[in-house]
Amino acid sequence: TTHSPIFLGLHQNSGFWRESNYGKGVIIGVLDTGIEPNHPSFSDEGMPPPPAKWKGKCEFNTPVCNKKLIGARFFQDGNGSPADESGHGTHTAGTAAGNFVMGANVFGNANGTAVGVAPHAHLAIYKVCTTGCSESDILAAMDVAIDDGVDILSLSLGGSSVPFHNDNIALGAYSAMEKGILVSCSAGNNGPFGSTLSNDAPWILTVGASTIDRQIRATAVLGNKEELDGQSLYQPKDFHPRLYPLFYPGLNQSDTDADRYCTEALLNITQVKGKIVICEVGLIPPTSKGTNVKAAGGVGMIMINSEQEGYTTRADAHVLPATNINYADGLKLIAYLESTSSPVATFSFKGTIIGDSHAPAVASFSSRGPSYSSPGILKPDIIGPGVNILAAYHESVENSTNTKANFHVLSGTSMSCPHLSGVAALLKSAHPDWSPAAIKSAMMTTADLVNLAQNPIEDEKHLPADLFTMGSGHVNPARANNPGLIYDIEPKDYIPYLCGLNYSDREVGRILQRKANCKAESRISETQLNYPSFSIVVGSTIQKYTRTVTNVGDANSIYRVKIDQPGGVNVTVKPRILSFSKVNQKLSYDITFTPLSPYETPSDGSLTWTSAKYSVRSPIAAQP
Amino acid sequence: SANLETYIVHVELPESYTQLSTSSISSPNEDLDSWYNSFLPTTIASTNEAPRMVYCYHNVFKGFSAKLSAEDVKVMEKKPGFLSARPQRMLSLH
Numbered sequence: 021t022t023h024s025p026i027f028l029g030l031h032q033n034s035g036f037w038r039e040s041n042y043g044k045g046v047i048i049g050v051l052d053t054g055i056e057p058n059h060p061s062f063s064d065e066g067m068p069p070p071p072a073k074w075k076g077k078c079e080f081n082t083p084v085c086n087k088k089l090i091g092a093r094f095f096q097d098g099n100g101s102p103a104d105e106s107g108h109g110t111h112t113a114g115t116a117a118g119n120f121v122m123g124a125n126v127f128g129n130a131n132g133t134a135v136g137v138a139p140h141a142h143l144a145i146y147k148v149c150t151t152g153c154s155e156s157d158i159l160a161a162m163d164v165a166i167d168d169g170v171d172i173l174s175l176s177l178g179g180s181s182v183p184f185h186n187d188n189i190a191l192g193a194y195s196a197m198e199k200g201i202l203v204s205c206s207a208g209n210n211g212p213f214g215s216t217l218s219n220d221a222p223w224i225l226t227v228g229a230s231t232i233d234r235q236i237r238a239t240a241v242l243g244n245k246e247e248l249d250g251q252s253l254y255q256p257k258d259f260h261p262r263l264y265p266l267f268y269p270g271l272n273q274s275d276t277d278a279d280r281y282c283t284e285a286l287l288n289i290t291q292v293k294g295k296i297v298i299c300e301v302g303l304i305p306p307t308s309k310g311t312n313v314k315a316a317g318g319v320g321m322i323m324i325n326s327e328q329e330g331y332t333t334r335a336d337a338h339v340l341p342a343t344n345i346n347y348a349d350g351l352k353l354i355a356y357l358e359s360t361s362s363p364v365a366t367f368s369f370k371g372t373i374i375g376d377s378h379a380p381a382v383a384s385f386s387s388r389g390p391s392y393s394s395p396g397i398l399k400p401d402i403i404g405p406g407v408n409i410l411a412a413y414h415e416s417v418e419n420s421t422n423t424k425a426n427f428h429v430l431s432g433t434s435m436s437c438p439h440l441s442g443v444a445a446l447l448k449s450a451h452p453d454w455s456p457a458a459i460k461s462a463m464m465t466t467a468d469l470v471n472l473a474q475n476p477i478e479d480e481k482h483l484p485a486d487l488f489t490m491g492s493g494h495v496n497p498a499r500a501n502n503p504g505l506i507y508d509i510e511p512k513d514y515i516p517y518l519c520g521l522n523y524s525d526r527e528v529g530r531i532l533q534r535k536a537n538c539k540a541e542s543r544i545s546e547t548q549l550n551y552p553s554f555s556i557v558v559g560s561t562i563q564k565y566t567r568t569v570t571n572v573g574d575a576n577s578i579y580r581v582k583i584d585q586p587g588g589v590n591v592t593v594k595p596r597i598l599s600f601s602k603v604n605q606k607l608s609y610d611i612t613f614t615p616l617s618p619y620e621t622p623s624d625g626s627l628t629w630t631s632a633k634y635s636v637r638s639p640i641a642a643q644p
Numbered sequence: 034s035a036n037l038e039t040y041i042v043h044v045e046l047p048e049s050y051t052q053l054s055t056s057s058i059s060s061p062n063e064d065l066d067s068w069y070n071s072f073l074p075t076t077i078a079s080t081n082e083a084p085r086m087v088y089c090y091h092n093v094f095k096g097f098s099a100k101l102s103a104e105d106v107k108v109m110e111k112k113p114g115f116l117s118a119r120p121q122r123m124l125s126l127h
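Encoded structure:
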């Protein structure tokens, strides 16, 4: 990617990137649509050979694997090859661990050196998706990836939240976690609605999506001189910026048959010819709307967000001059249309602009908690770059045939997940002995809570994002490398948690792969699991939990607790001071939540352990 | 074959897993695969029926995926060690 590493504070030849050797020695397994192996992002320049433990295979017919791309497999539905026919897998693999490629851009935009988050980590590709992703193939891929010897598994795919014993990704991830493999998964694209998460088991890193501070700006200039900034990847240099008449098929909101989404029905509307057409987001992909407008004779398209998308705009590779404007500006545009009998507009293409101070802001599509399967675990865990991300692609979106260095700009939690997989690889390289839970904890307790303007991270409406929207916050790789304390969880710690979910012995046994007897096990509430965040359901009773932290910072260190109470809940912590005398020492504390009055409104708080050097923060989401 | 769907089948190891081994030279995974296959309907070689087993799982859980009909599953349910079977879901990219 050409900007997100810098946005994450990763700079070549300095800081955490250098300290972590760019992810050297770590193997990231990517379950996706396969890979375009000849892309320069997968060159092995500067790469060491794979670790001795690597047992994977390269199932391409030609010798295209190398020290970067160390494995590539396909399964039942893989069309007989690990080759990527859709580009999605090439994009996610490049984002996680692509090598440096100078001069990457699409239509000249987002230009820069494309590089993955862990550029010296190895990639093992497991093709599990073509038109969809079959569970039998996903399970087979996780099964062999565990044997192959991967360290991180990256899954930009999923379904809805179901009990973990019926969730095949959760089952595979549990086995992987038991063997020390961190599993990073997309949270899903069903936001901004609540309880829409996928991949929400506590042994999975659940990743939501946020913006970066880059815009590919395409401004709609109205006849009244008002300028509405939007985004588009396609910005033709030969566009003549004269005023064109505007046409909005959805202007009459009472006409439910109107083609406001610019579907193929637009082809039958003669008023489109020679005009800039206003289309609403939804129903079909943005580029398909543009294709329809062009086919109907339109000269341009302004795509307006609904209230649901808010300020999350996309830079798409349209086939005609176009822009995607936010909901607020869409209302201004409609007000202008209604103010005049002959509305006109044009475009002013401004190219790539860095410095959006609202970034990172949570994307409208990013799925939200609370978790349906386990509301006592705060999910998503974390957010990372997932909007308008440039990365490797299997073919040219510019119809260019003279290069293998093809790139594309895509958005989704599919794009944020591999960013976090890459960060996990950097942490694994820097701290080989850290467990998957320790790596998760390090990322979560050090995450950023403010945007570039130093205001609280916002959601798609530019309102402060709540904890079920952003989890612990936006990943900060350098801080995660030195978290001070970690909340570790061993595989056996999940047994009382699973029994506490009231699963039957057989259901728990299915996850553990051995007989379980919950009557003989201790049974804990979800919130008692030693998780780095809190999600509590407040009733009338007092709730008390114990957490254990491990000192991974300076040997002699004293931490004091700082509590930001959720509204209506009294939070007390004992002891209030933790004094460590050695590294890896574990100390426990009790946290008690006491409702102050009948509790009706969800609210957020936090608990932070601070020392002279470290700040270890756990968010607290309270809901009635 | 039109009635066949890919099912994900969970099974439970017998009390004494070591007794599964029929040959001293077979590997633990071969033993497991052989046991998984014992759940499948007997195929008749002369009909050129396609193999029913899709994958044998060794790490993610004890079980396999196979092309089965609803009737096959009903028969399988009666076998010792059977836990559950359900048609696989198609998940989507995010």
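These protein sequences, in sequence, are chains A and B. Take the position in the first sequence, starting the count at 1, then add 20; the result is the number in the numbering used here. Take the position in the second sequence, starting the count at 1, then add 33; the result is the number in the numbering used here. Using N, Cα and C, we set each Cβ at its ideal position, and we do this for glycine too.
Item	Value
Rounded Cβ spacing between A/F267 and A/Q291 (contact assumed at less than 8 Å)	5 Å
Chain A contacts made by the segment 60-72 of chain B, where a contact means CB separation under 8 Å	none
Residues from the segment 82-116 of chain B in contact with chain A, defined by Cβ distance under 7 Å	V87, Y88, Y90, H91, N92, V93, F94, K95, S98 and L116
Alpha-carbon spacing of A/H108 relative to A/G294, whole angstroms	35 Å
Range covered by the alpha helix (DSSP H) that runs through A/N446	Looking at the sequence provided, one finds Leu at residue 446 of chain A rather than Asn. T433 to A450 is the span of the alpha helix (DSSP H), which, as asked, contains A/L446.
Contact check, A/N576 vs A/V603, beta carbons under 7 Å	no
Euclidean distance between Cα positions of A/T547 and A/I583	18 Å
7 Å Cβ cutoff, B/L37 in contact with chain A	no
For A/C519, the three-state DSSP class (helix, strand or coil)	helix
Of the listed residues A/K75, A/R237, A/C437 and A/P503, nearest to A/L173 (C-alpha basis)	A/C437
Within-7 Å CB hit, A/H108 to chain B	yes
Cutoff 7 Å: A/I409 Cβ touching any chain B Cβ	no
Interface partners of A/N209 on chain B, CB under 8 Å	H127
Where A/P306 sits in the DSSP three-state scheme	helix
Pair within 7 Å by beta-carbon distance, A/D336 and A/L253	yes
Sufficient close CB pairs (3 or more, under 8 Å) joining the segment 192-201 of chain A to the segment 159-176 of chain A	yes
Test: A/G432 CB closer than 7 Å to a CB of chain B	yes
Beta carbon of B/Y40 nearer than 7 Å to that of B/A118	yes
Alpha carbon of A/N325 to alpha carbon of A/N471, nearest angstrom	23 Å
Any C-beta of chain B under 7 Å from that of A/R567	no
Alpha-carbon spacing of A/V319 relative to A/T307, whole angstroms	14 Å
Per-residue contacts from A/S206 into chain B (C-beta, under 8 Å)	H127
Neighbour-count burial assignment, A/S434, 16 or more Cβ in a 10 Å radius	buried
7 Å CB neighbourhood of A/Q328 in its chain, flanking five on each side removed	P212 and S384
Pair within 7 Å by beta-carbon distance, A/Y619 and A/G588	yes
Neighbouring residues, chain B, relative to A/M162 (Cβ below 7 Å)	V93
Beta carbon of A/G43 nearer than 7 Å to that of A/H140	yes
Given A/N244 as reference, the closest of A/E358, A/I374 and A/V135 once Cα atoms are compared	A/E358
Beta-carbon spacing of A/A196, A/G228 below 7 Å	no
Residue-chain proximity (A/L202, chain B), Cβ-Cβ < 7 Å	no
Selection of the segment 180-192 of chain A by Cβ proximity to chain B, strictly under 7 Å	N188, L191 and G192
Contact residues within the segment 525-539 of chain A, judged by C-beta distance below 9 Å to chain B	R526, G529, R530, I531, Q533, R534 and K535
Through-space distance from A/N188 to A/G520, alpha-carbon basis	20 Å
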